[in-house]
Amino acid sequence: MKVLYDHQKFSTQRVGGITRYFAELFEHFSSGVTPVVSLKFNRNIYISGNARLFPRKVYDYDFRHVGKSIVVAAADRVNRMYSEHDLRHQDYDIFHPTYYGCYFMKEDIGRPMVVTVHDMIQEIYPETFGSKIIEDKRRQIFAADHIVAVSQNTKDDILRFYPAIAPDKISVIWHGMALNGTSPSSDSWPDEYLLFVGKRDGYKNFLPFVRAVAPLMEHRNGLSIICAGDDFKPYELRELSALPFADRVIRVGATDAQLMSLYMHAKALVFPSLYEGFGLPVLEAFGAGCPVCLSDASCFPEIAEDAAVYFDPADPESICDAVSRCAYDEGLRKSLRDRGRMRLKAFDWSRSAAALERIYTGLLS
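Numbering-wise (this note's numbering), the sequence shown opens with residue 36 and increments by one.
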């Protein structure tokens, strides 16, 4: 069975949860599934060099010598042309778009389509994302022959926003742990730090988290916050610079090896988001033996169960108290490590890939 995956996220995302999700599935499918990615230009590190995924030669590119937005937009336009061509002319059995654009809906693709919904953040915060992506996503959801939700919470949210969708059209397939087998780097980090992983804007609740733990940061002069992710934006730098511990809020563009090392040495992973569809860093922290401190919102209780300390993400006192206990209560920390390792057994990419393969097979039969 040949499954065609389009260009959308792979041509624009160098690293990130959505492309990591697809790349892990590609690696864990049985020999009965042949994944094909429709690209001409690739900047995604997870599939770089994996020739078996591509129907033609693919060129990796960067943008060190010209403007990032110009190169990414141009590559995306070319990749879209190749996806449109492949949808019309490639021999494939199933189509699985990698994001919510509806460029392919101009004509009947003539194959079953599976759509993965990673979260319902666009619908929950429409003022942040705008109407076009919400409408495109809605069109995909209703046009799909089957929908994959990455958590039960995400499935519940799909049905809340689109109650006309039949519940049995949606299957919940959890993620696995993406850093399995990754050896930690030998980098040196501060002696004590809280770890924040991923994007930081809007619903990610990063700056409110930093403000909430200010009493702890001022009491513990040796405590830092390390952010694994993109450069700080100007508005973040302005706000952080006003804090008395600004020099202890550090940004690292971490490789997988560095990320594993960061998890292993952190006092705690803190995930203060107001909403998430799944939360891959939770599993990564479990795998590295890192205590986890989570918002009590959306999918987190479903994913972590009793292997985390929870807080109200809208309550600074709740955040600070939970983080302090997670970082400095040694009995609790040991318990969290043990429970995290046990909880991680519920998540496996091989099981995820097998479940998705059963969906593909069912559509063809």
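Think of the CB as a built atom: it goes at the ideal place given N, C-alpha and C, for glycine as much as any other residue.
Point to revise | Buried or exposed by the 16-neighbour rule on C-beta atoms within 10 Å, applied to Leu-399 | key: exposed
Point to revise | Cβ shell of Lys-190 (< 6 Å), same chain only, five flanking positions each side left out | key: Ala-184, Ile-205 and Val-207
Review point. Less than 8 Å separating the beta-carbons of Ala-301 and Leu-229?
Key: yes
Point to revise | Outcome for Met-252 when other beta-carbon atoms lying within 10 angstroms are tallied against a minimum of 16 | key: buried
Exercise for review: Kindly list the residues whose CB is nearer than 8 Å to the CB of Arg-174, restricted to its own chain and excluding five residues on each side of it in sequence; keep chain order.
Suggested key: Cys-137 and Met-140
Point to revise | Backbone CA spacing between Tyr-40 and Ala-292 [nearest angstrom] | key: 28 Å
Check your understanding: How about the stretch 151-168 and the stretch 113-121: do they share at least three Cβ pairs that are nearer than 8 Å?
Key -> no
Check your understanding: Would DSSP call Thr-47 helix, strand or coil?
Key -> coil
Check your understanding: Taking all protein chains shown into account, do 16 or more other C-beta atoms lie within 10 angstroms of the C-beta of Gly-211, making it buried, or fewer, making it exposed?
Key -> buried
**Study point:** Buried versus exposed call for Ser-387 [16 or more other C-beta atoms within 10 Å across all chains shown]
**Key:** buried
Practice item. Give a yes or no on whether the C-beta atoms belonging to Leu-309 and Ala-339 are separated by under 8 Å. Key: no
Check your understanding: If you draw a straight line from the C-alpha of Ser-186 to the C-alpha of Leu-275, how long is it?
Key -> 34 Å
Point to revise | Alpha-carbon to alpha-carbon, Asp-126 and Phe-231 | key: 43 Å
Exercise for review: Look at the alpha carbon of Pro-336 and the alpha carbon of Arg-378, and state the distance between them as a whole number of angstroms.
Suggested key: 12 Å
**Study point:** Sheet register partners of Asn-77 (DSSP bridge)
**Key:** Asp-95
Exercise for review: Let me know if Pro-202 comes out buried or exposed under the rule of 16 or more other beta-carbons within 10 Å of its beta-carbon.
Suggested key: exposed
Review point. Is there contact here, the stretch 339-353 with the stretch 266-286, by at least three beta-carbon pairs under 8 Å?
Key: no
Check your understanding: For Leu-304 versus Cys-328, is the C-beta distance shorter than 8 Å?
Key -> yes
Point to revise | Residues that DSSP places opposite Ser-400 in a beta bridge | key: The partner list for Ser-400 (beta bridge, DSSP) is empty, contrary to what the question assumes.
Review point. Is Phe-306 near Gly-314, with beta carbons less than 8 Å apart?
Key: yes
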